[in-house]
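Single-structure report; data block below.
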Amino acid sequence: MKIVLTRPNYYTHLITPPLGIGYLSSYLRQQGIETRIVDGLNLGLSADELVRQCADADVVGISCLSDYYLETVQLAQALKAAGKTVVIGGPHATALPVETLAETHADFAVIGEGEVSLCELVRCLEKKGATDGLEGVLARDGSTFVRRKLIEDLDLLPFPDWRQMDPRTYRKAPHGGLIKRFPVAPITSTRGCPYACKFCASPTLWNRQIRFRSPQNVVNEIEMLVRDFGVREIHFEDDNLTLKASHAEAICRLLIERRLDICWAAPNGIRVDAVTPELLGLMKQSGCYYLAFGVESGNQAILDGVGKKTSLSAIEAAVRLAHDAGILTQGFFIFGLPGETEATVEETVQFAKRIPLDRAQFLLLDVLPGSELWDELRGQFEPNWALRSYQEVKWTPPTISREALAAAPSRAFRRFFLRPRQILGLLRYVRLSQLRFILQRVADFRVFRWRRS
C-alpha cells in the first residue's frame, strides 16, 4: 500500500520542513510501510497539482492546522473526488475531529500523537479489516473513539524522514528572516507543555504533559543533519525548551563537547522561569545567538487572566539576562486578549520598547480550537477560517473597539522598529535578502486579504 503524506499550499512566506509529517513518515518506514512526502507548501503546488502528485497513492495523509483549514478542505475534497482514502491529522483535527471529517469528507481523523495510530490504521486498511476500536482514530462513519496514550520514550522514535524533506531545499528565511547561517533545520527536544495558557491549544494535543528526548538523542540528530545535509543552523521548535534547565544544559554541553560547526536559535519562544546567567552562558558557548520570549502583554492583569503564570518583572529580568549574555532577543506580543483596552495596548508597546528586545512581533489574538479561550468565547464569535491567523480580528473584547484593535499591531510595529537603536540593529544583523523578507512580512497584513477576496 502506497502512502503519501502532505500539507497544502497556504501562501505563507514562513516555510520550514514539516516535522510532524517527517516523524510520521520515518515511523511508518521503520514498520515497513512505503511512504512519500509531498510538501505542497514548499513546492508551491495548487490543490489540483497536489492531487496529480498523489495519483499513485492508496492513502493520503494531510496535516491540518487551523491556519490553513480552508486549503485542507479543498485538497481533501479533491482527493476524495479522485478516489483516494484520505486521513486528516494535526492540531485542528484533534480539536474538532467530527466537524473536520464532515467538512473535508475525509475518511479518518488521527487524533493526538499520530505515529502509532496512523501505522495501525494503515495496517487495518491493508488487510481490509475493521477500523472500529482503533485507538487515536475516528472514522467519518463511526461513533466510537478511544484516545491513545502518549508515547512514553521519545528516543524510541526514529529521526524525522530528512531524506524526503532535505533542509537545503527550503527557503533561507524560515522564521521571519531571523537566520544566521544556511541550511537551517528545525528540531524538537521535547513534546508538550505542562502549562495551561488560555490562548494555547497545546494542552489538547499533548494533555498538559511534557516528555523529553535524551540530550544524546537530540545531539545525535543534530550531528546527522550536519554530516548528511550540511546543516549549519538549528532551530529548536519546542513548546518549552527551558522548562527543565538540566535538560537544556545537557544539550548545550554535548554541543560544546562534540564541536559541531553550527549556531542555533529558539524562535518559537521560551518561558522565563528557568533562565539563569549560567544557562545563558552555556547556550551562548554552544552556539545560541537568538532567543524569542512569549511576553504576550505588558499588562499584568491580562497575563494573570490568561493563566500565563509569570510576571512582567520576571520577563524583563530574563530578557535583560539574555541581552547581557550577547544573545539576540525577540518578544512575541498578542493584542486582543480578554481585558484589552487602548490603555493596555499602550502599556504593551511601552513595555516592549523599555526592555532590551532586538526584535518584536505584534500579533492579534487567534482563538484556536482546543484552547480554553475557544471554549469560553465560543458563543461570542462565528469562526471564519478565511481569516489568516494572527493577522485579522477574530474576536473583539468588549473593552476595546474593533477598529482600535485591528490597527494595534501595525502601529506597535512602527513605534518599536522606527527607533535608531532598532534600525541600526537590523542593519547590523539582518542580511539584505532577509530584510526583503521582513518587509514582505509587513506587506502580508494587506496581501493576504487580496488573496482571499
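The sequence shown runs contiguously to residue 470 in my numbering. Note that beta-carbon positions come from the ideal geometry of N, C-alpha and C, so glycine has one too.
inquiry  = If contacts are defined as beta-carbon pairs under 8 Å, then L58 and I32 qualify, I think. What distance do you get, rounded to the angstrom?
reply    = 6 Å
Burial state of K144, where buried means 16 or more other Cβ atoms lie within 10 Å = K144 should be labelled exposed.
request  = Would you mind stating whether L174 and Y44 have Cβ atoms separated by less than 8 Å?
outcome  = Result yes, Cβ atoms of L174 and Y44 sit closer than 8 Å.
key: Stretch-stretch touch, CB-based, cutoff 8 Å, three pairs: the segment 273-286 with the segment 179-190   = Touching, no.
ask   = How big is the Cα-Cα spacing for D245 and G107?
value = 28 Å
message = Using the three-state DSSP reduction, which class does C280 fall into: helix, strand or coil?
response = If DSSP states are grouped into helix, strand and coil, C280 belongs with the strands.
Member of K101, Y27, A282, P220 whose CA lies at the smallest distance from the CA of F199 = A282
query = For N285, which of helix, strand or coil comes out of DSSP?
reply = The answer is strand: DSSP assigns N285 an E or B state.
inquiry  = Going by DSSP in three states, Q70 sits in which element: helix, strand or coil?
reply    = helix
message = Just to confirm before moving on: does the CB-CB distance between T361 and I319 stay below 8 Å?
response = yes
message = Quick check for students: name the residue ranges of the alpha helix (DSSP H) that lie wholly in the segment 36-112, counting only runs of 4 or more.
response = 36-47, 57-60, 64-70, 86-98, 108-112
ask   = How do the segment 130-141 and the segment 408-417 stand: do at least 3 beta-carbon pairs fall below 8 Å, yes or no?
value = no
task = Determine the contact status of L22 and I54, defining contact as a CB-CB distance below 8 Å.
result = A distance below 8 Å separates the beta carbons of L22 and I54.
key: Host beta strand (DSSP E) of T346 (start-end)   = 345-352
inquiry  = Tell me the residue span of the alpha helix (DSSP H) that contains C136.
reply    = Per DSSP, the unbroken alpha helix (DSSP H) holding C136 starts and ends at 132-143.
ask   = When burial is assigned at 16 or more other CB atoms within 10 Å of the CB, is R469 buried or exposed?
value = The pLDDT assigned to R469 is 37, lower than 50, so where the model puts this residue is not dependable, and the model offers no usable value.
ask   = For A267, which residues of its own chain have a beta-carbon under 8 Å away from its beta-carbon, when the five flanking residues on both sides are left out?
value = P232
query = Going by other Cβ atoms of all chains shown within 10 Å of its Cβ, with 16 needed for buried, is I440 buried or exposed?
reply = exposed
Cut-off 8 Å between Cβ atoms - residues of its own chain near E302, not counting five sequence neighbours on either side = Residue identity differs from the one stated: residue 302 is Gln in this sequence, not Glu. Hits under 8 Å: C269, I273.
ask   = So which of C81, V292, L271, E238 has the shortest CA-CA distance to L118?
value = C81
query = In whole angstroms, what is the alpha-carbon distance linking N285 and E250?
reply = 15 Å
message = Rounded to the nearest angstrom, what separates A74 and A291 at their Cα positions?
response = 46 Å
query = Does the beta-carbon distance from C280 to G304 come in below 8 Å?
reply = A contact, by the Cβ cut-off of 8 Å.
ask   = Where does L329 sit, in a helix, a strand or coil, going by DSSP?
value = helix
task = Report buried or exposed for T392, applying the criterion of at least 16 other Cβ atoms within 10 angstroms of its Cβ.
result = First, the residue type needs correcting, since residue 392 is Asp and not Thr in the sequence shown. By the 10 Å Cβ count, D392 comes out exposed.
task = Check each candidate in G324, I332, E238 and name the one with the smallest Cα separation from T293.
result = Per the Cα distances, I332.
ask   = From L36, I20, Y28, G78, pick the residue whose C-alpha is nearest to that of F253; which is it?
value = A check of alpha carbon separations from F253 across L36, I20, Y28, G78 identifies L36 as the nearest.
ask   = Starting from Q378 and walking both ways along the beta strand (DSSP E), at which residues does that stretch end?
value = 376-381
query = To which residues of the same chain is D65 closer than 8 Å at the C-beta, ignoring the five residues directly before and after it?
reply = A95
query = How many angstroms separate the CA atom of S52 from the CA atom of V104?
reply = Looking at the sequence provided, one finds Thr at residue 52 rather than Ser. Going from the Cα of T52 to the Cα of V104 covers about 14 Å.
query = Between M241 and the rest of its own chain, which residues show a CB-CB distance below 7 Å, the 5 nearest in sequence each way excluded?
reply = Here the set comprises F176.
Proximity to H109 [Cα-Cα], best of P437, G387, P400 = G387
request  = Could you tell me which uninterrupted beta strand (DSSP E) segments, each at least 3 residues in length, are contained entirely in the segment 186-230, listed from first to last along the chain?
outcome  = 201-204
key: Own chain residues within Cβ distance below 7 Å of L92, not counting five before or after   = P25, A64, L67, I79
task = Enumerate in chain order the residues of its own chain whose CB-to-CB distance from A262 is below 6 Å, with the five nearest sequence positions on each side excluded.
result = Once the five neighbours on either side are set aside, the close Cβ partners of A262 are A291, L296.
Bridge-paired residues (DSSP) for T23 = V55, I79
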